[in-house]
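A short worksheet on the structure shown next.
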Amino acid sequence: MDHEVETTARDDRRREAGRREAGRREAGRRGVDPGFFAAPGHTVAGLAALLRAGGLTAADLTERSLEAIARLDGRLGAFVTVDAEGARRAARQADAELAAGRDRGPLHGVPVAVKDVIDVAGLPVTMGSAHFAGHVADTDAECVRRLRAAGAVVVGKTTTHEFAYGPTGDRTANGPSRNPVDPTRMSGGSSGGSAVAVAAGMVPLALGTDTGGSVRIPAALCGVSGFKPAYGTVPTDGVFPLAASLDHVGVLARTPEDCRLGYEALAGARGPGPGTRSAGAGARGAGAGTGTGGDTADGTAGAVRDEPRGIRVGWLAPGDFGAVDPGVARLARAALGTAAALAGVSPELSFGASFGASSEPSSDASFGVSPGVSPDASSASRVSSDASLCEVSVEEAAFPEAPDALAAFSALQDSEAYAVHADRVRERPELFGAEVLDRLRTAARTPGWRYVRALADRERLAGAAALLFDRFDLLALPTTALTAPELGARTAVVAGADVALRPALLALTSTWNLLGLPALTVPAGTAGGLPVGLQLVGRPGHEHLLFAVAGAVVRAAPGRP
């Protein structure tokens, strides 16, 4: 009997030791100790103020970035290439220019990362594929040239899903990027490395590309902000194409304000304000021809309509787009509702204050920029002088055309992607990863009539969206249908249904690529310890409203950056 008791006790101790070890392993898997740029106040705007106050130098910031990459990247897989020498050289130049009185703006001296489908002169550009192993870019992409002209310091290239053709970020020749919140989970893609680099505090700002959600999906899954501008606003010269009529260059950062600063550098000017034309909008801008101060149907600048008294947001029924986790939808809707409810009563959340002058200078006041300010001073003063703009109303809305939009998006993306890769598929198929090769071979079977019909559907759907923008200034919905899945997953259970993961991740984002509309994701809380994103969609030329409402969502949330 004593022997049996001793054996049972020994077995219990072993089981308890096993549980403790499993707990230690799980603790090691969940989350990382983030880098310098994840600390409160270490946003682009905050760092810019510190640089000009003499608290830090560009060289200091670059070393902090390189240290975080060295410490964290072996576990997270955010970077393909780190250019320590080039970054240090650029940082020294940035410091010398500031000392000499040459200030290039809020990105001056700030470390940034660039997705590895975008050319950076002298650095490898692999597209996440064995097809481009050893390939080195001769020149900077235009978006990189603009970042450098704004004084940014490029520290390296970030991982991408192979050829940017996937929303999971875990199928690439360079290894998967892992979610910093829980490294057993996927980062999302295809700009997964850029999202991880920002979320883990390795850099405060990163470039990505977005063809169906590839900036916004990983930003949402990793708990940061991500902005896809209107189609054509940021040049794609020097960016490897996935589907040319859907491709956008975008930015990822911890806050929507930092996304705005990055966007302004990329767009070549401060973001459009009320009634200003956004490049490339034309027929692709769903606000065209609606009397909203955007472009008219013939692509000419329309008459400026008086700004609405208050900001009207239409909450799109997520179910129109497919199965969505109810908890994710509730969190996103609640984040929007909280910001809207507080906007009219809290001076800190006043949209009027966001646009106009304040008795206290903003963190980027040295650049003459207030958060959300328009480049047109008269427009800015008009916005800030109207106190009723503090009011935000949220109403239920619907987009029953969503299934048609998803079908048109798939036809266009598949056809255009195969056109890019047809020769490689025929001549060197073995150099593709299995998943992307299978996707391309499926795309090859897309009949021509589907592509032609999708082009016509795009125009029809733009008209349907334009009707929504007659009623609303912004549209809102969750960014993804679910939180970050486990690495390697290809199916998931969403709202009680078994779904394929790729279409589930793309369902809520790809419509806005099809229509070329500016869209931004902002953190909306966590479900089961994993981040949830709220997505805001606007009209070309009215990006200032996107950034204002997104900023209010962040400021209304606990633990803001």
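Numbering (numbering that gives the first Met the number 0), first residue to last: 0 to 560. By construction, the Cβ of each residue, glycine as well, lies at the ideal position given by its N, Cα and C atoms. Note that the structure is predicted; figures quoted are calculated from it, not measured.
With fewer than 16 other CB atoms across the displayed protein chains lying within 10 angstroms of its CB, arginine 425 is exposed.
Cβ neighbours of alanine 172 within its own chain (closer than 8 Å, five residues either side excluded): Thr125, Gly127, Ser128, Ala129, Ala132, Glu161 and Gly432. Taking the Cα positions, arginine 91 is about 20 Å away from alanine 44. The alpha carbon of valine 553 has as its nearest neighbour, out of Leu535, Gly540, Gly104 and Ala99, the alpha carbon of Leu535. Membership of valine 109 in any beta strand (DSSP E) is not indicated, and neither H nor E is assigned to it by DSSP. About 6 Å separates the CB atoms of glycine 537 and leucine 544; that is less than 8 Å, so the two are in contact.
When the five nearest sequence neighbours on each side are left out, the beta carbons in the same chain lying within less than 7 Å of the beta carbon of alanine 404 are those of Leu460, Thr510 and Leu513, in order along the chain. In this structure, DSSP gives glutamate 390 a state outside helix and strand, which the three-state scheme calls coil.
Counting the other Cβ atoms within 10 Å of the Cβ of histidine 134 gives fewer than 16, which makes it exposed. Burial state of tryptophan 314 is buried, judged by a 10 Å Cβ sphere holding 16 or more other Cβ atoms. DSSP, reduced to helix, strand and coil, places phenylalanine 78 within a strand of the structure shown.
Separation of the CB atoms of alanine 494 and proline 325 is rounded to 6 Å, and the pair is thereby assigned contact status at 8 Å. Note that the C-beta distance between glycine 165 and glycine 150 is not below 8 Å. The beta carbon of leucine 65 is closer than 6 Å to those of Ala83 in its chain, skipping five residues each way along the sequence.
Annotation for valine 43: the continuous alpha helix (DSSP H) segment containing it runs 43-52.
Assigned with DSSP and collapsed to three states, serine 224 falls in strand. Under the three-pair Cβ rule at 8 Å, the region 484-501 does not count as touching the region 221-236. In this structure the region 190-207 touches the region 217-231; the number of beta carbon pairs closer than 8 Å is three or more. Excluding residues up to 5 positions away in sequence, Thr158, Asn173, Gly174, Pro175, Ser176, Arg177, Gly192 and Val195 lie with their Cβ nearer than 8 Å to the Cβ of glycine 76 in the same chain. By the neighbour-count criterion, in which a residue is buried when 16 or more other Cβ atoms sit within 10 angstroms of its Cβ, valine 81 is buried. DSSP places threonine 337 in the uninterrupted alpha helix (DSSP H) bounded by 325-342. In this structure, aspartate 469 and proline 399 do not form a Cβ contact; the two beta carbons are roughly 16 Å apart against a cut-off of 8 Å. The three-state secondary structure of alanine 242, taken from DSSP, is coil. Residue environment: arginine 259 is assigned as buried (16 or more neighbouring CB atoms within 10 Å of its CB, all protein chains considered). Rounded to the nearest angstrom, the Cβ distance from proline 560 to threonine 208 is 24 Å, too far for a contact under 8 Å.
Under the three-state reduction of DSSP output, arginine 253 falls in the coil class, being neither helix nor strand. DSSP, reduced to helix, strand and coil, places alanine 37 within a helical segment of the structure shown.
Arginine 440 and arginine 449 have their C-alpha atoms some 16 Å from each other. Shown here, arginine 70 sits in a helix according to DSSP, grouped into three states. Cβ neighbours of glycine 321 within its own chain (closer than 6 Å, five residues either side excluded): Ala506.
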